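So for the sequence shown, our numbering puts the first residue at 296; every next one is plus one.
To start, the structure under review is shown below, and the notes come after it.
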Amino acid sequence: MAFTLKPKEEKFFSTLFEHAMLVREATEILHEAIADRAKIPELMVRITETEKTADEIVDRIMVKLHKTFIAPMDREDIFTLAKKLDDIIDCIKAAIERMDLYNIGEPSENIRSMSELILKCGKQVEKALFSLQDLKKERLRLQARCERIVDIEAAGDDLYRQEMGKLFRECTDAIEIIKWKEILVNLEEVLDLSEDVATSLKRVVIKYA
């Protein structure tokens, strides 16, 4: 069932796109934090502001859902997308908080590579939600972007397993193991949540395109 967007629907989808832009911004902040540890305190301020803005967007979406008699697509799909996008930002904030709290040392190459993948994911999520605004014309692009996110997540899984194994094999400091394990889990979760967004979007394509 293909659909074109009416003015109220455009506001709904533009709000989700606004949320996705914040996801991309959050991935950039994380990438910068891993690239330059000295910037972590100032980046904590930035990610906190980004999270606050994202929470406000979720509130706006919930109000719109409550007030709109007929939503442009399944309310559960809209809610799921908003929740997953917000969870990505929350998870990125948690990773940066741990980096700040634990006063981490130099990140490994695998962790730097994971941050590169997360950065790519953020860009694809933003592009995918842009495509959602005109699903009739953008269906194929949206599907391609979702598949790209899935591929990035799979590459991240490989890096996660490699780094976790290396951490337990080679690190002799139990405290350092705990620090990096928790940060690694956060990074992996960011990629998993991005894949969840892609899965939700693919479901939307099947329903409405």
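Cβ atoms here follow ideal geometry from the backbone N, Cα and C, with glycine treated the same way.
Computed from a prediction, not measured in an experiment: that's the story for all the values here.
- At a Cβ-Cβ threshold of 8 Å, I399 and K474 count as neighbours.
- In the assembly as shown, F463 is an exposed residue. Its beta-carbon has fewer than 16 other beta-carbons within 10 Å.
- Distances from the alpha-carbon of R407 to those of K432, E392, L454 put L454 closest.
- Across the set M394, V492, E371, the C-alpha of M394 shows the shortest separation from the C-alpha of E471.
- Here L396 is exposed, its C-beta having fewer than 16 other C-beta atoms within 10 Å.
- Taking the CA atoms as reference points, L376 sits about 26 Å from A328.
- Separation of the CB atoms of S489 and E448 is rounded to 6 Å, and the pair is thereby assigned contact status at 8 Å.
- Your pair F308 and L437 does not check out as a contact, with CB atoms roughly 12 Å apart and the cut at 8 Å.
- According to the DSSP assignment, C466 belongs to no alpha helix (DSSP H), since it is labelled neither H nor E.
- Taking every protein chain shown into account, the CB of M316 has 16 or more other CB atoms within 10 angstroms, so this residue is buried.
- The residues R393, in chain order, have a CB closer than 6 Å to that of E477 in the same chain once the five nearest residues on each side in sequence are set aside.
- The continuous stretches of alpha helix (DSSP H) do not include M368, and DSSP gives it neither H nor E.
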